[in-house]
Amino acid sequence: MSALSESRIDRRQLRALLLAAWKTDLRGSGNPVAPSGDGSRKIPPVLAVMALKLFIGLGLGAMVFIVREPFTAAFLVFSTMTVFLAITVLLEFSNLILRPDEHLIIAALPVGSKTFFAAKMIHLLAYVNVLGSLICLPPAITSAVANRNPLLLPGFLIAGVLAATAMGLSFVLLYALLLRIVDREAMQRVLGYANLALTLVVYLGYFVAPMMLGGYPLSAIPRLSPGWIYLAPPAWFAAVVKLLAGEAAPVDIGASLFALVLIAVVFRAAMSKLSLEYAETLSDTIGRDEPLRKRGVGGRDSRLLSLVAASEDRAVWMLIRKQFKYDNRFKTSILSILPLTAIYVFLAV
Numbered sequence: 016m017s018a019l020s021e022s023r024i025d026r027r028q029l030r031a032l033l034l035a036a037w038k039t040d041l042r043g044s045g046n047p048v049a050p051s052g053d054g055s056r057k058i059p060p061v062l063a064v065m066a067l068k069l070f071i072g073l074g075l076g077a078m079v080f081i082v083r084e085p086f087t088a089a090f091l092v093f094s095t096m097t098v099f100l101a102i103t104v105l106l107e108f109s110n111l112i113l114r115p116d117e118h119l120i121i122a123a124l125p126v127g128s129k130t131f132f133a134a135k136m137i138h139l140l141a142y143v144n145v146l147g148s149l150i151c152l153p154p155a156i157t158s159a160v161a162n163r164n165p166l167l168l169p170g171f172l173i174a175g176v177l178a179a180t181a182m183g184l185s186f187v188l189l190y191a192l193l194l195r196i197v198d199r200e201a202m203q204r205v206l207g208y209a210n211l212a213l214t215l216v217v218y219l220g221y222f223v224a225p226m227m228l229g230g231y232p233l234s235a236i237p238r239l240s241p242g243w244i245y246l247a248p249p250a251w252f253a254a255v256v257k258l259l260a261g262e263a264a265p266v267d268i269g270a271s272l273f274a275l276v277l278i279a280v281v282f283r284a285a286m287s288k289l290s291l292e293y294a295e296t297l298s299d300t301i302g303r304d305e306p307l308r309k310r311g312v313g314g315r316d317s318r319l320l321s322l323v324a325a326s327e328d329r330a331v332w333m334l335i336r337k338q339f340k341y342d343n344r345f346k347t348s349i350l351s352i353l354p355l356t357a358i359y360v361f362l363a364v
């Protein structure tokens, strides 16, 4: 049975699932050492993430005011937006996409597959599009003012929504592909290392970009006009900006149509990956992985630690080690700190 095979969506169930997702967003945090308890966190973590994305958007808005040329500015904005959204989605991956144990929780309830699909898709697209819009809004306003073309404002926002949607749906397919190739534990490691790589790209950008400019101002960035630039996905959505602003060349029209077709194809493919039936197939991986988790704890590390540490210290070490292994949010949050630490040590040396 596909995700759209049932007659209708149960609105009451849909509201309940979306409310549960919203509460999870309010409780969730990419910070593994964030304080917890009543009253200790007055600001929900998701609002802090939104504020950070708006701050990034303000920085991009200042850059767009200097660069000005719509296609070049849009390309830089969408490239930056994709990286930061990808880092955020990786931190909240199991909450936004699909957990293998989700079927064990929901299967006992009378939730239809179509309702389940609608809830997961609305939650995912709303999450990435709200954050993406916060990043794109300042550059959109700045570009419209700097180029004296009001059509650039809706052009940036619409293209930003399309880019964020394509990125979110691509993660759904990436999730399904990884589970076909590796088991769940290996997939968690892959996602953690992917977050590490993206974070490294962000931090290195602050050092590499000024070196590439060679002391020249941002206004010296050339227009991105060669044909090979359209091989990069951000260029497809930058072409949408020019199309909606009435400045599109034939190659921009072709790139815009390709972006729309891509979103339609990815959306259709994601339907089968967010269904309740697919969640049931993923729940089978829990049973396959469970024997791997029941191995003895008397490994070489444990025997070595028993010689130099008290029993309480060994218990704490074991808890931290297991949390780092099985809690992807904790692991990705810790790994995201390593690139910045390494860069600071390198600069100090």
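As numbered in the working numbering, residues 16 to 364 make up the sequence shown, in order. Glycine included, every Cβ here is placed at the ideal spot set by N, Cα and C.
Straight across, the Cα-Cα distance linking Leu105 with Ala209 is about 8 Å. The Cβ atoms of Phe99 and Ile150 lie closer than 8 Å to each other. For Leu172, same chain residues with a beta-carbon under 8 Å away, outside a window of 5 residues either side, are Ser148, Cys151, Leu152 and Ala155 in chain order.
Residue Ile102 holds the alpha-carbon nearest to the alpha-carbon of Lys346 among Ile102, Val61, Ala270 and Ala36.
Taking C-beta atoms under 8 Å as the contact rule, Leu146 and Met65 qualify, at a distance of about 7 Å. Straight-line measurement puts the Cα of Lys337 at about 37 Å from the Cα of Phe93. Its Cα nearest to that of Val216, the residue Ile352 stands out among Leu69, Ile352 and Ala36. For Gly74, the closest alpha carbon among the candidates Thr214, Phe339, Leu34 and Leu91 is that of Leu91. In the DSSP assignment, Ile102 falls within the alpha helix (DSSP H) that extends over Pro85 to Leu106.
A direct Cα-Cα distance of roughly 8 Å separates Val255 from Ile268.
Between the alpha carbons of Val205 and Val187 lies a distance of about 15 Å.
Taking all protein chains shown into account, Lys257 has 16 or more neighbouring C-beta atoms within 10 Å of its C-beta and is therefore buried. Within the same chain, Gly207, Asn210 and Leu211 come within 7 Å of Leu350 by CB-CB distance, once the 5 residues on both sides are set aside.
Residue state for Gly261 is assigned as coil, using DSSP reduced to three classes. By the C-beta density criterion, Trp243 is exposed, having fewer than 16 other C-beta atoms within 10 angstroms. In its chain, beyond the 5 residues on either side, Leu184, Val187 and Leu188 have a beta carbon closer than 7 Å to the beta carbon of Ala285. For Gly76, the enclosing alpha helix (DSSP H) has its first and last residue at Pro60 to Val82. Ile358 places its beta carbon less than 8 Å from that of Tyr218.
Between Ala274 and Phe252, the C-beta spacing is below 8 Å. Shown here, Asn162 sits in coil according to DSSP, grouped into three states, outside any helix or strand.
In this structure, the alpha-carbon of Arg26 lies about 13 Å from that of Phe132. With contacts defined by Cβ atoms closer than 8 Å, Thr97 and Pro265 do not form a contacting pair. Here the C-alpha atom of Val281 lies approximately 45 Å from the C-alpha atom of Ala363. Taking C-alpha positions only, Leu166 is separated from Val82 by approximately 18 Å. For Asp25, the secondary structure class from DSSP, reduced to helix, strand or coil, is coil. Residue state for Ala357 is assigned as helix, using DSSP reduced to three classes. Of Leu33, Ala35, Leu62 and Leu259, the smallest CA-CA separation from Leu177 is found for Leu259.
Only buried fits Glu107, as 16 or more other CB atoms lie within 10 angstroms of its CB. Between the C-alpha atoms of Lys135 and Leu277 there is a straight-line separation of about 20 Å.
Comparing alpha-carbon positions, the option among Thr39, Thr214, Gly175 and Leu29 lying closest to Thr130 turns out to be Leu29.
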